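Protein sequence lines correspond, in order, to chains D and U. Last residue of the first sequence: number 244 in the numbering used here, and the count goes up by one each step with no gaps. Last residue of the second sequence: number 250 in the numbering used here, and the count goes up by one each step with no gaps. I have placed the structure first, in the form of structure tokens, so that the comments after it can refer back to it.
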Amino acid sequence: MTPDSFAAASDDELIDRYRRSGERQALATLLDRYLVRLRGLVFSMTASPGDVDDLTQEVFVRVIRGLPQFQHRARFSTWLYRVALNTVYQFLRKRERSRAGDAAAMSAEAGPRADQPDQRAADGEINRRLAAAVAALSPALRAAVALMAIDRLSGEEAAAIEGCSASTMYWRLHEARRQLARRLGEYLPPPADTTNTPCGRESSPRARGMP
Amino acid sequence: MNGPSNDPIDLVLKRWLADEQPDQESLEALRTRILTAAERDRSAGSPAAGTALRRSRGKRLPLVVAGAAAAAACLAIALWALGPRTTAPEESAEAIVLREAGPDEEQIVSQARLFARLNEVFTGRLAWVAETDGRVELGVEDQQPPSQDARPIAVRLVVLDRAAGQSAWQRAWTADLVLDCEERVEIRPQDDAGRGLAVWAHVLPDGMIAVDASLELSPSCPEVSYSGVERPGATQRIFQGSAAGREFEVYQTVVLLPKEVG
């Protein structure tokens, strides 16, 4: 198999290839497809720059370890996201036990540096407040934000990952946006238009499917 | 996927994430770390391949609710007794698993009925019930979640162990869980035995059940993690390993319970 053919192979083909012969290139290709998005998901769920790489590594190791049992009943991407969210939930629970509160910890971690120019300092302040606001959401609401608002998955795709109905995901996204808006207040830019329905469903056409 | 959003919240979220993106060099370092860790993990041995076993229909006592107390998110009550699970000496792992594995039809109905009744008691806020060696815990949501059509899921985990080099296995621990499909059950270690458990499961459109389970077998044994897609009713060996002079095997059975029970 040439590098080009690895790149053109489907997820299922790469998984079969890895399971049959343990080819590192098949695994590396899968990793390349999902690394940035998975890391982004982990970051937006934890808001913890110091932990995101370790957690991302843990997710992929768990997934790779589970590949021999993967039966192609669900899409690989759905399964991958599901493992990622469960790994993060586990991390959040452990952190809750060892910290007094997420929000205070987030504020300390995401604070602006003194050497930043004004604009970067302003951005840093928004990011710091946003990290604290995200950290104050329940894990289920964070997941709705990470999957639907940031990763732009549809309600149906996010529901398949979270194991609930699409209407539950839309409700969670709506609730998460409401809570974030309340906490961010003046730091939010004015809305450009009103294409969203009250329940959080996007009226714009679907651009692309989940890989 | 959806197209771009104009929601102000989404815009600041996207910008936040973009600001925190690592550079290419850091990404490459992470990629290398993951591939190296995966190779190391593979050479060290990963969870055993699934072994389908036929379930026995051994007699068990019906579940019995004994009481309920406390109003926190997690309540402990004396709840169900699944009958004697004594293990005769000199048994093979397969013999124990055939006897101890997933619940039979009578138990399935009992579990479903119990879950439904307790859910009524907690006005629809019951998320899960877990029984581990006679200790029962409930997970109760603060608020009633949006109504769901999903059926509850029953998960049984059986841990066998034996001294290294011995032939006979014994049942070391059993956990029985019933959970709603999007709920995560987490049982924290309560004593020096140190057995903690986290399980999350949900039903896929084709009826298969995706399960994530992690289990601390003992303070001296590393955490067992398992992710897989299971056929309802089949028993899978999800772990095989040893620590501190003992060998461990962990078996898992997942069953979809009926939603409504008369």
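Cβ atoms here follow ideal geometry from the backbone N, Cα and C, with glycine treated the same way. If you're wondering where the values come from, they're calculated on a predicted model, not measured in any experiment.
Roughly how many whole angstroms lie between the Cα atoms of residue i and residue j?
i	j	result
Tyr214/U	Arg185/D	28 angstroms
Leu64/D	Thr111/D	15 angstroms
Lys2/U	Tyr239/U	43 angstroms
Asp37/D	Ala189/U	37 angstroms
Arg48/U	Phe103/U	Residue confidence is low: Arg48/U scores 26 on pLDDT, short of 50, so the model does not pin down where it sits. Its coordinate-derived value is still stated next. Computed Cα separation, rounded: 18 angstroms.
Val117/U	Pro140/U	11 angstroms
Glu171/U	Ala6/U	31 angstroms
Lys247/U	Ala198/U	18 angstroms
Ser187/D	Ala81/U	45 angstroms
Ile84/U	Arg150/U	13 angstroms
Gly157/D	Ser(-7)/U	23 angstroms
Leu15/U	Glu125/U	42 angstroms
Glu91/D	Ala156/U	35 angstroms
Leu148/U	Ser202/U	16 angstroms
Ala25/U	Phe93/D	9 angstroms
Leu125/D	Pro172/D	8 angstroms
Asp49/D	Arg225/U	22 angstroms
Ile183/D	Asn160/D	15 angstroms
Gly196/D	Gly153/U	42 angstroms
Val75/D	Ala192/D	18 angstroms
Phe110/U	Arg101/U	14 angstroms
Ala40/D	Arg123/U	51 angstroms
Leu70/U	Asn107/U	Any reading at Leu70/U needs caution, since the residue's pLDDT is 37, under 50, leaving its predicted position unreliable; the model's value is listed next. Leu70/U and Asn107/U: Cα-Cα distance of roughly 20 angstroms.
Glu46/D	Glu13/U	29 angstroms
Phe103/D	Tyr67/D	17 angstroms
Asp164/U	Asp121/U	9 angstroms
Val217/U	Leu205/U	22 angstroms
Leu23/U	Gly55/D	12 angstroms
Asp87/D	Leu180/D	20 angstroms
Glu93/U	Leu244/U	11 angstroms
Arg144/U	Glu211/U	18 angstroms
Arg205/D	Thr35/D	44 angstroms
Glu190/D	Asp(-2)/U	18 angstroms
Pro10/U	Asp84/D	13 angstroms
Ala107/D	Lys127/D	29 angstroms
Arg105/U	Thr89/D	40 angstroms
Leu113/D	Gly73/D	13 angstroms
Trp4/U	Ala117/D	20 angstroms
Measuring CA to CA, which of the options is closest to residue i?
i	options	result
Tyr220/D	Val0/U, Ser(-7)/U, Asn(-6)/U, Asp(-5)/U	Val0/U
Gln212/D	Cys197/D, Ile194/D, Val178/D	Val178/D
Pro(-4)/U	Phe39/D, Leu163/D, Gly73/D	Leu163/D
Thr120/D	Leu245/U, Arg219/U, Ala186/U, Thr223/U	Ala186/U
Ala138/U	Leu145/U, Leu167/U, Glu129/U, Val147/U	Leu167/U
Val242/U	Gly221/U, Arg19/U, Phe110/U	Gly221/U
Val69/D	Trp161/U, Asp29/U, Leu18/U	Leu18/U
Ser198/D	Leu192/U, Arg159/U, Arg28/U, Glu129/U	Leu192/U
Tyr203/D	Leu71/D, Gly218/D, Ala107/D, Leu174/D	Leu174/D
Glu235/U	Gln158/U, Asp29/U, Thr20/U	Gln158/U
Asp200/U	Arg210/D, Gln123/D, Ala176/D, Pro222/D	Gln123/D
Gly195/U	Ile175/U, Asp29/U, Cys169/U	Cys169/U
Ile97/D	Gly218/D, Ala61/D, Ala107/D	Ala61/D
Phe109/D	Gly83/D, Leu71/D, Val167/D	Leu71/D
Val146/U	Thr223/U, Gln95/U, Arg219/U, Ile96/U	Thr223/U
By the criterion of Cβ-Cβ separation under 8 angstroms, what are the contact partners of residue i in chain U?
i	result
Tyr122/D	Arg172, Trp188
Val94/D	Ile22, Ala25, Ala26, Asp29
Glu214/D	Correcting the residue identity first, residue 214/D is Ala in this sequence and not Glu. Ordered by position in chain U, the residues that pass the 8 angstroms Cβ test against Ala214/D are Pro(-4), Ile(-3).
Ala61/D	Arg19, Leu23
Leu163/D	Val0, Leu1, Trp4
Determine the chain D residues that contact residue i at a beta-carbon separation under 7 angstroms, and present them in chain order.
i	result
Lys2/U	Ile183
Starting from the beta carbon of residue i, find every residue of chain U whose beta carbon is closer than 9 angstroms, and list them in chain order.
i	result
Arg115/D	Trp188, His190, Ala198, Asp200, Ser215
List, in chain order, every chain B residue whose beta-carbon is nearer than 9 angstroms to that of residue i.
i	result
Leu15/U	Here the protein chains are D and U, and chain B is not one of them.
Taking 7 angstroms as the limit between beta carbons, can you name the residues of its chain near residue i, skipping five residues before and five after?
i	result
Arg52/D	Leu100, Pro101
Arg115/D	Ile194
Ala166/D	Leu213, Arg216, Leu217
Just the chain D side, please: which residues come within less than 8 angstroms of residue i by C-beta, in chain order?
i	result
Leu126/U	In chain order: nothing, as chain D lies at least about 17 angstroms away.
Under 8 angstroms Cβ to Cβ from residue i, same chain only, skipping five residues before and after it: list those, please.
i	result
Ser43/D	none
Gly233/U	Ala151, Ala152
His105/D	Asp45, Ile48
In its own chain, which residues sit with a C-beta less than 6 angstroms from the C-beta of residue i, not counting the 5 before and 5 after it?
i	result
Gln58/D	Phe39
Ala209/D	Leu170, Leu174, Ala177, Val178
Ser77/D	Ala179, Ile183
Arg95/D	Val116
Under 9 angstroms between beta-carbons, which chain D residues line up against residue i? List them in chain order, please.
i	result
Ser230/U	Here the premise fails: no neighbours, minimum Cβ distance about 18 angstroms.
By the criterion of Cβ-Cβ separation under 7 angstroms, what are the contact partners of residue i in chain U?
i	result
Phe76/D	Leu5, Glu8
Ala107/D	Leu192, Ala198, Val217
Exercise. Which of the residues in the region 92 to 123 of chain U, read from start to end, lie with their CB under 7 angstroms from any CB of chain D?
Worked result: none
Problem set entry | Members of the region 80 to 91 of chain D that neighbour chain U once the beta carbon cut-off is set at 7 angstroms | Pro82, Asp86, Thr89, Gln90
Exercise. What residues in the region 167 to 179 of chain D bring their beta carbon closer than 7 angstroms to a beta carbon of chain U?
Worked result: Val178
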